[in-house]
Amino acid sequence: MEANSGGGAEGGRAATGGGGGGSDVELVSRTLQVEHKLFYFDLKENPRGRYLKISEKTSATRSTIIVPSFGISWFLDLFNYYVNSEEHELFSKELQLDSKVFYFDIGENRRGRFLKVSEASVSRNRSTIIVPAGSSPDEGWAAFRNILAEIHEASGLFVMPNKKPSDGQEHLVDDVGAGFIPGHGSQQPSSSEHNVDRSVDSTGQEETGMTGVSKVIRADQKRFFFDLGNNNRGHFLRISEVAGSDRSSIILPLSGLKQFHEVIGHFVEITKDKIEGMTGANVRTVDPPQR
DNA sequence: TCGGCTC
Numbered sequence: 021m022e023a024n025s026g027g028g029a030e031g032g033r034a035a036t037g038g039g040g041g042g043s044d045v046e047l048v049s050r051t052l053q054v055e056h057k058l059f060y061f062d063l064k065e066n067p068r069g070r071y072l073k074i075s076e077k078t079s080a081t082r083s084t085i086i087v088p089s090f091g092i093s094w095f096l097d098l099f100n101y102y103v104n105s106e107e108h109e110l111f112s113k114e115l116q117l118d119s120k121v122f123y124f125d126i127g128e129n130r131r132g133r134f135l136k137v138s139e140a141s142v143s144r145n146r147s148t149i150i151v152p153a154g155s156s157p158d159e160g161w162a163a164f165r166n167i168l169a170e171i172h173e174a175s176g177l178f179v180m181p182n183k184k185p186s187d188g189q190e191h192l193v194d195d196v197g198a199g200f201i202p203g204h205g206s207q208q209p210s211s212s213e214h215n216v217d218r219s220v221d222s223t224g225q226e227e228t229g230m231t232g233v234s235k236v237i238r239a240d241q242k243r244f245f246f247d248l249g250n251n252n253r254g255h256f257l258r259i260s261e262v263a264g265s266d267r268s269s270i271i272l273p274l275s276g277l278k279q280f281h282e283v284i285g286h287f288v289e290i291t292k293d294k295i296e297g298m299t300g301a302n303v304r305t306v307d308p309p310q311r
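Rendered as structure tokens:
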């Protein structure tokens, strides 16, 4: 009901730089109720471009993420992945769209399973929505996916016939401060395959750019943080184990990293039958802090 | 009505 209620009314001012004139046109608006949460999907457009605003509203909280229009199909793909995969093969994904990164993480507690989607961008605080898996196939993730599909399709219908959406960096959305960095090299996701390792795999990564790169994996109740750092003795990888409030670290000079890798590989090899089917590791890549 | 998320 009243799909518009979540739309323009809330505090967001339209284009900050553009001066007067509320310019955000609402092209498509949908709502979805999952358990006691309400999700608003608003495909909007302003002079800077087009974006999908997804808000999660609870009686107490509201949280919003902004997806640039060219990212909608990636969102759709990822939701399809979470809807269609077997429970044991689900793992975290990340999606980089220009200067934003969206993290997709599975979680579970006594209330059930959920998918956490959080948006990190250089200029905004992280914001997160949490989508319950839902108890039947037509609610929760699947319903969310269906709405994404509708909007994705509808957004195609809005394309000007003579103006192909070269959807890229020129579509700036500064409505909610979504700070896209123009002229920053385009980093489109590779293909239908979203891999978590995208940002660390580039081979010729300069050392200067590496410090601050982090990964997190989870195993059972523990989390392991991998942080590249350097000091006057050189570069190192710090591996921290965090469980509850306890933490301890080892510092591994990069000179030992390759052997470390080989030894781990060895143990993976000889324990294969025990760990097969355990894809449980949640891996996350974090971009270096901007500076 | 929840309730999840943060070195």
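All the letters of the first sequence, read from the start, carry residue numbers 21 to 311 under this note's numbering. Ideal Cβ placement from N, Cα and C applies to all residues, glycine included. Keep in mind that this is a model prediction, so the values were computed, not measured.
Please classify residue i as buried or exposed, where buried requires at least 16 neighbouring CB atoms within 10 angstroms.
i    : result
S75  : buried
V196 : At V196, the pLDDT of 28 sits below 50, so the modelled position is not reliable; the number obtained from the coordinates is stated separately. It is buried - the Cβ of V196 has at least 16 other Cβ atoms within 10 Å.
K294 : exposed
N66  : buried
G132 : exposed
G69  : buried
A80  : exposed
S105 : exposed
K292 : exposed
L177 : exposed
E107 : exposed
E282 : exposed
E114 : buried
Q208 : Caution is warranted here: a pLDDT of 37 is assigned to Q208, below 50, making its placement in the model unreliable, and the coordinate value is therefore given only provisionally. The residue is exposed, with fewer than 16 neighbouring Cβ atoms inside 10 Å.
Taking the beta strand (DSSP E) that residue i falls in, what are its first and last residues?
i    : result
S254 : Correcting the residue identity first, residue 254 is Gly in this sequence and not Ser. Unbroken beta strand (DSSP E) run through G254: G254 to A263.
A144 : It is Arg, not Ala, that sits at residue 144 in the sequence shown. Residues R144 to P152.
E109 : Run containing E109: none; DSSP gives neither H nor E here.
Locate the alpha helix (DSSP H) running through residue i, then write down its first and last residues.
i    : result
S93  : I92 to N104
G283 : With the sequence shown as reference, residue 283 is identified as Val, and Gly is not the correct amino acid for it. Where V283 is concerned, the enclosing alpha helix (DSSP H) stretches over L277 to I290.
R165 : W161 to L177
Would you list the residues sitting across from residue i in a DSSP beta bridge?
i    : result
D266 : A263
G69  : N66
R50  : F61
T84  : S75
S138 : Y123 and T148
I271 : R258
G249 : F256
R130 : Beta-bridge pairing links R130 to no other residue.
Determine, using beta carbons only, whether residue i and residue j come nearer to each other than 7 Å.
i    : j    : result
K77  : Y71  : no
V48  : A169 : no
S138 : S83  : no
I237 : F256 : no
R243 : G249 : no
R165 : F99  : yes
R50  : I149 : no
H172 : S234 : no
Y101 : L135 : no
With a threshold of 8 Å, are at least 3 pairs of Cβ atoms found where one atom belongs to the stretch 156-174 and the other to the stretch 49-57? yes
Quick check: the stretch 287-295 against the stretch 272-279, are there 3 or more CB pairs under 8 Å? no
Check whether the stretch 55-70 and the stretch 110-123 are in contact - that is, three or more C-beta pairs closer than 8 Å. no
Hey, is the stretch 87-94 in contact with the stretch 141-159, meaning 3+ C-beta pairs nearer than 8 Å? no
Between the stretch 129-145 and the stretch 259-269, are three or more C-beta pairs nearer than 8 Å? no
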